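Enquirer:
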Amino acid sequence: MTDQFGQEQAIRKLAPGKLVIASHNAGKVREIAALLGPYGIEPISAASLDLPEPEETGTTFIANAELKALQAADLSGLPALADDSGLCVEALGGDPGLFSARWAGETKDFTLAMQKVWDGVTAKGPDAGHDAHFICALALAWPDGHVEAFEGRVDGTLVWPPRGANGFGYDAMFQPLGFDISFGEMDPDAKHAMSHRADAFRKLVAAVI
55 MTDQFGQEQA IRKLAPGKLV IASHNAGKVR EIAALLGPYG IEPISAASLD LPEPEETGTT
115 FIANAELKAL QAADLSGLPA LADDSGLCVE ALGGDPGLFS ARWAGETKDF TLAMQKVWDG
175 VTAKGPDAGH DAHFICALAL AWPDGHVEAF EGRVDGTLVW PPRGANGFGY DAMFQPLGFD
235 ISFGEMDPDA KHAMSHRADA FRKLVAAVI
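Just so it is clear: in the sequence shown, position 92 is 146 by the working numbering, and no numbers are missing.
(1) Is DSSP giving residue 204 helix, strand or coil here?
(2) List the whole-angstrom C-beta distance separating residue 263 from residue 73, where the pair is believed to meet the contact cut-off of C-beta under 8 Å.
(3) Given a cut-off of 7 Å, decide if residue 80 and residue 143 are closer than it, judged by their beta-carbon atoms.
(4) Mind reading off the beta-carbon distance from residue 206 to residue 190? Whole number of angstroms is fine, and I expect it under 8 Å.
(5) Closest by CA to residue 256, which one among 130, 202, 89, 215?
(6) Taking buried to mean at least 16 other C-beta atoms within 10 Å of its own C-beta, is residue 156 buried or exposed?
(7) Would a C-beta distance cut-off of 7 Å place residue 210 and residue 238 closer than the cut-off?
(8) Exposed or buried, residue 178, counting other C-beta atoms within 10 Å across all chains shown (16 or more means buried)?
(9) When the distance is taken between beta carbons, is residue 108 closer than 7 Å to residue 121?
(10) Here's the rule I'm using: 16 or more other beta-carbon atoms within 10 Å means buried, otherwise exposed. How should residue 135 be labelled?
(11) Mind listing, in chain order, the continuous beta strand (DSSP E) runs of no fewer than 3 residues lying wholly within the stretch 177–202?
(12) CB-CB under 8 Å to residue 140, same chain, minus the five flanking residues each way: which ones, in chain order?
(13) Excluding five sequence neighbours on each side, which residues of the same chain lie with their C-beta closer than 6 Å to the C-beta of residue 118?
(14) With distances taken between CB atoms, is the gap from residue 167 to residue 123 smaller than 7 Å?
(15) Along the beta strand (DSSP E) that carries residue 81, what are the first and last residues, could you check?
(16) Mind checking which residues open and close the beta strand (DSSP E) that includes residue 98?
(17) What would DSSP say about residue 165, mapped onto helix, strand or coil?
(18) Is residue 215 buried or exposed, if buried means 16 or more other CB atoms sit within 10 Å of its CB?
(19) Tell me which residue opens and which closes the alpha helix (DSSP H) that residue 126 is part of.
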């Protein structure tokens, strides 16, 4: 990364120990904790610390991840890792994208959100493609305000009706390229090996751990 004067800064390394997972999404916390397992990191959820959820005012996935990580690190006094991710559907111009969680409403009803996505695609007519991708931005922040950020992606197609009870969010309607099952049908370990979150996490591990 570069500093305010455009000079290259060394990537900061993350020491083993406690790390706040700046998310109130139990599925995300579970996936990130599993990815952190081999590295001597002790994940602590933001919910268990009663940390508030900041308003996501960023205009990119990385900006939202950074603001969540920075707030959690500041309030907890510990390093914090935040994720901002979403489903981007080509036929919908990239929606729901940054608003993927908001499409599920106050009750976080992703059955409703998936229906909304599918209704939007079918409303485009029979020639609308089903191409989609997931993006995941991971931001790692320290209490002094230092932050490192990484982004991952996985491409695939939409399927309907949703398939499988594994995963969370839009997983049941997303089939990654090269596979004939959805993320919702996939064994969690298999998903962890190739998902957008895994892609971003590999970059984070290579840089900071």
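Note that CB positions come from ideal geometry on N, CA and C, so glycine has one too. All of these numbers come straight from a predicted model, not from anything done at the bench.
Expert: Let me lay it out:
(1) In the structure shown, residue 204 falls within a strand segment according to DSSP collapsed to helix, strand and coil.
(2) That pair is no contact at about 11 Å.
(3) Here residue 143 is not near residue 80, since their CB atoms are 7 Å or more apart.
(4) With a Cβ gap of about 5 Å, residue 206 and residue 190 count as contacting.
(5) Considering only alpha carbons, the answer is 89.
(6) Exposed is the label assigned to residue 156, since fewer than 16 other Cβ atoms lie within 10 Å of its Cβ.
(7) In this structure, residue 238 does not lie closer than 7 Å to residue 210 by Cβ.
(8) With fewer than 16 other Cβ atoms within 10 Å, it is exposed.
(9) Against a cut-off of 7 Å, the Cβ pair of residue 108 and residue 121 comes out as a contact.
(10) Buried.
(11) Along the length of the stretch 177–202, whole beta strand (DSSP E) runs at least 3 residues long occupy 185–195, reported in chain order.
(12) Within the same chain, and ignoring the five residues on either side of residue 140 in sequence, the residues whose Cβ sits closer than 8 Å to its Cβ are 115, 150, 151, 152, 153, 154, 155, 188, 189.
(13) So the list reads 110, 112, 138, once near-sequence residues are dropped.
(14) Between residue 167 and residue 123, the CB-CB gap reaches or exceeds 7 Å.
(15) Looking at the DSSP string, residue 81 is not in any beta strand (DSSP E); the run it does join, the alpha helix (DSSP H), is 80–90.
(16) Unbroken beta strand (DSSP E) run through residue 98: 95–99.
(17) Helix.
(18) Residue 215 is exposed by the Cβ-count criterion.
(19) Start and end: 115–130.
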